[in-house]
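Some notes on the structure that comes next.
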Amino acid sequence: MTDWTEKHRPSTLAEVRGNDKARDALREWAKTWPDHREAVILHGSPGVGKTSAAHALAADMDWPTIELNASDARTKSVIERVAGEAAKSGTLSEGGAGRRVLILDEADNLHGNADRGGARAITGVVNDASQPMILIANEFYEMSNGLRNACRDIEFRDVSARSIVPVLRDVCRQEDVGFEDDALQKIADANDGDLRGAIKDLQAAADGRETITAEDVVTGDRDRTTGIFDYLDAVLKESDAQEALEGSYDVDETPDDLISWIEDNMPKDYEGEELAAAYRSLSTADRWLGRVRATQNYSFWRYAADNMTAGVAAARDGTKSGWTRYGPPSYWSKLGRTKGARGTRDDVARAIAQESGVSMSTARRKILPHLEVITHHCKNREATVAMTAAYDLSAEHVAFVTGSGEDTNKVQSIVEDAQQLRAEAAVEGSEGAFEPGPDQGDSRDESENLDTGATATDGSDTSTSVERDEASDPSQGEDPEAEDDQQTGLGDFV
Amino acid sequence: MFNAIVSADTLRTALDSVSVLVEECKLRLEEDGLEIRAVDPANVGMVDLSLSAAAFESYETDGGVIGVNLSRLEDIAGMAEADQLIHLELDEETRKLEIAIDGLEYTLALIDPDSIRQEPDLPDLDLAAEIILEGRDVNRAVKASDMVSDHIALGVDEAEDMFYVDAEGDTDDVHFELGREDLIDLTAGPARSLFSLDYLKDMNKAIPSDAEVRMELGEEFPVKMHFDIAEGQGTVTYMLAPRVQSD
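If you read the protein sequences in the order shown, they are chains U and V. When you read off a place in the first sequence, starting at 1, and then add 38, the result is the number in the working numbering. For the second sequence, position 10 matches number -6 in the working numbering, and the numbering has no gaps at all.
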């Protein structure tokens, strides 16, 4: 049996139901496309007719279509190759003047390995396109800012039950199935907003019957996702342990995210003894999440979920009432806020790690704290200059380590002095290579110098590495004499 | 019914010319030979191949269409030495293709032809210019252009009576001209179109360097390239839609 939603798909834009405004906007976009040459994003809930409208439009405009949807692997290379070429090329039958439309369905759903790099590639294709493009998405804001700004957007609203009933009536007439008005009304109500769902239910109800009566309509509810705020309200105020756990199945969050949501909002409702019990459950849940990460055994998620949902609900004394202002986990915003500072910290650690031959984490945990104490607020100026020179730090980095302001004269002058120190060290380190007339004595001096350098580097102590003798500067290794030992020059044979 | 014996070399050449554009395709089994027509996922490039029954050692069929996964079939054909024979037989019962190479048997599951992208009709284009040149000249043009750009212009200069290739990169340019004496034949006419090098590169892979390539060109129209394979017993036509000239 054919799928009625496919069979009765509108073949022209005029047949698209329930979204007149969006439909007109789409037609307008297509008609004026040669003038503005923008791509368009159609967004709205599932089953409201976005894909149908796109294809109907293509049929109306007589544009051949190229469609990429979630059933295709949409990696960067596939998108660039297929969508990119299609969007830049004319057609086989009409050449450069030929139009074609590129429909990217489920453009907000590029996930995982199969679609690696796809989201960014789409933005690139949109910016370079010389053919019309229609992007289709459920969540407008799941797409990147750059992509949203590059496109015109048209919202498809949920189709009201009032608009669904006439569509169902038409389908029944075309399929030659009798119906009671109540039956259609019931289907429309059950599927409020989702026209495709309603037609599917109609087909299910009509299967094997000549007439659909209200009793025939036994539609269960479709699985829908529960919003996180509704869920928090349930867990933290009313649910018992079992309801809390089962409710979490409908929430579209991973346990890693869910625990942050619960942990951050729970203290807004809980107090005293129950707060302590709830935290105990959360910490157990967190340990299970740690085990998942360590072992990659995702079946442990169930224990994490038990603890964070049922455990927290069970910790509550009775029920709570009233309205609480829940918010997204502050942990996330903190990560966002500290991104810059963490980046600077890593830069400093990388410089230290490179110079001292240790790992970045050792640099961060073992060396950086000492440096912070030694150079606190640049009080020990000499040491601060030495550190800046040794690791070749910028003003921003010095400010980070010492805690002084980046723009202060103090920090600026330290960086300048450090630069000078490095320059002097470099000249000294060249051992007069830039001065004319090297004499024999030089090579002996050099080997002594190298020795001192070696001892200095041996010391793993932090303070040694800060005030390290400039002789250990790596530029030493580049001196021409030392290389002579291993590499002959052409001159040696003349 | 389909039962054929063909040399590995011939089969591989034929498959290679199609596989540069698509991963799966329909084989049309006609009484006088094998035909493949396929268009790439972006609908930009198209290939039309026919391999006459004479190219086979033996060839018997009563017609039909089968869908195959080209890379699989190529892998199997790659198991044979160039001069070995490959025996292809369609098992009507199981809808599988039995492939035998000197004792090695491979049963290839076929794809439902309806699930393979429908190819458009070969459009009847009025292309003003026709250039006949050697495969190695196509190769030189494509290779040099690829160093600087991702697209090239192919055109005919009517006044100078020559065929030219232009590639403009961000910093470097390539220009390649072939006068009448460098070409096998030239019918001059107004022609200049821009094409994607990615596609031309792929198509170029399948063009033998000693082949005679008949190229048809127009003004912002698709290019057609015809050449023979399997000692004249097969022909391949590539068609490529032009880039839209942005201004």
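All C-beta atoms, glycine included, are put in the ideal place defined by N, C-alpha and C. Values in this document were obtained by computation on a predicted structure and should not be read as measured data.
Residue pairing by DSSP places Y148 (chain V) opposite V:G139 and V:E161 in a beta bridge. Of the other Cβ atoms in all chains shown, 16 or more fall within 10 Å of the Cβ of P206 (chain V); this residue is therefore buried. If you check each beta-carbon in the region 91 to 105 of chain U against every beta-carbon of chain V, the ones closer than 8 Å belong to P102 and I104. Closest in C-alpha terms to L274 (chain U), from the list U:Q334, U:Y336 and U:T357, comes U:T357. For the C-beta of L233 (chain U), not a single chain V residue is nearer than 7 Å; the gap to the nearest is close to 28 Å. Comparing alpha-carbon positions, the option among U:V436, U:P305, U:I297 and U:E312 lying closest to T322 (chain U) turns out to be U:I297. S127 (chain U) reaches chain V at A26, V28, S180, A225, P226, R227 and V228, counting residues in chain order whose Cβ is nearer than 8 Å. Partner residues in the beta bridge of M223 (chain V), as assigned by DSSP, are V:M30 and V:K208.
Considering only beta carbons, the part of the region 187 to 217 of chain V lying closer than 9 Å to chain U consists of G202, E203, E204, F205 and P206, in chain order. Given a length threshold of 4 residues, each whole run of the alpha helix (DSSP H) inside the region 142 to 185 of chain U is given here in chain order: 156 to 166.
In terms of Cβ geometry, V28 (chain V) and S127 (chain U) form a close pair [threshold 8 Å]. Under the 8 Å Cβ criterion, the region 208 to 221 of chain V does not count as touching the region 169 to 178 of chain V, having fewer than three qualifying pairs. The three-state reading of DSSP puts F267 (chain U) in helix, counting H, G and I together. In this structure, E204 (chain V) sits near G133 (chain U), with a CB-CB distance shorter than 8 Å. Shown here for H46 (chain U): same chain residues with a beta carbon closer than 6 Å to its own, the five before and five after excluded, namely V209 in chain order. Here Q392 (chain U) is exposed. Its C-beta has fewer than 16 other C-beta atoms within 10 Å.
Taken through DSSP and simplified to helix, strand or coil, V205 (chain U) comes out as helix.
Going by beta carbons, V78 (chain U) and I172 (chain U) fall inside the 8 Å limit. Listed along chain U, the residues sitting closer than 9 Å to S177 (chain V) by beta-carbon distance are G128, G133 and G134. Of the candidates V:S193, V:S(-9) and V:D194, V:S(-9) places its Cα closest to the Cα of A84 (chain V). A residue is called buried when at least 16 other Cβ atoms come within 10 angstroms of its Cβ; L11 (chain V) meets this threshold and is buried. Around the Cβ of P72 (chain U), a 10 Å sphere holds fewer than 16 other Cβ atoms; the residue is exposed. The Cβ neighbour count for M181 (chain U), taken over all protein chains shown within 10 Å, is at least 16; the residue is labelled buried. Here A125 (chain U) is near S168 (chain U), since their CB atoms are less than 8 Å apart. Spatial neighbours of Y183 (chain V) in its own chain (CB-CB distance under 7 Å, excluding positions within 5 residues in sequence) are listed in chain order as V28, G29 and L224.
Contacts with chain U at 8 Å (Cβ-Cβ) include P104 (chain V). Note that the C-beta distance between L64 (chain U) and L95 (chain U) is below 8 Å. At least one C-beta of chain U is nearer than 8 Å to the C-beta of P107 (chain V). Sequence-distant Cβ neighbours of D254 (chain U) in its own chain, meaning closer than 6 Å and more than five residues away, are A243.
With contacts defined as CB atoms closer than 8 Å, N123 (chain V) and N53 (chain V) fail to qualify as a contacting pair. The C-beta of A315 (chain U) comes no closer than 8 Å to any C-beta of chain V. Per DSSP, reduced to three states, the secondary structure at M(-15) (chain V) is coil, with no helix or strand assignment. Note that the C-beta distance between G51 (chain V) and E8 (chain V) is below 8 Å. Nearest to D110 (chain U) by alpha-carbon distance, out of U:M99, U:D232, U:V386 and U:N147, is U:N147. Distances from the CA of Y179 (chain U) to each of U:V164, U:E144 and U:A199 were compared; the closest alpha carbon is that of U:E144. In the DSSP assignment, M199 (chain V) falls within the unbroken beta strand (DSSP E) covering E196 to L201.
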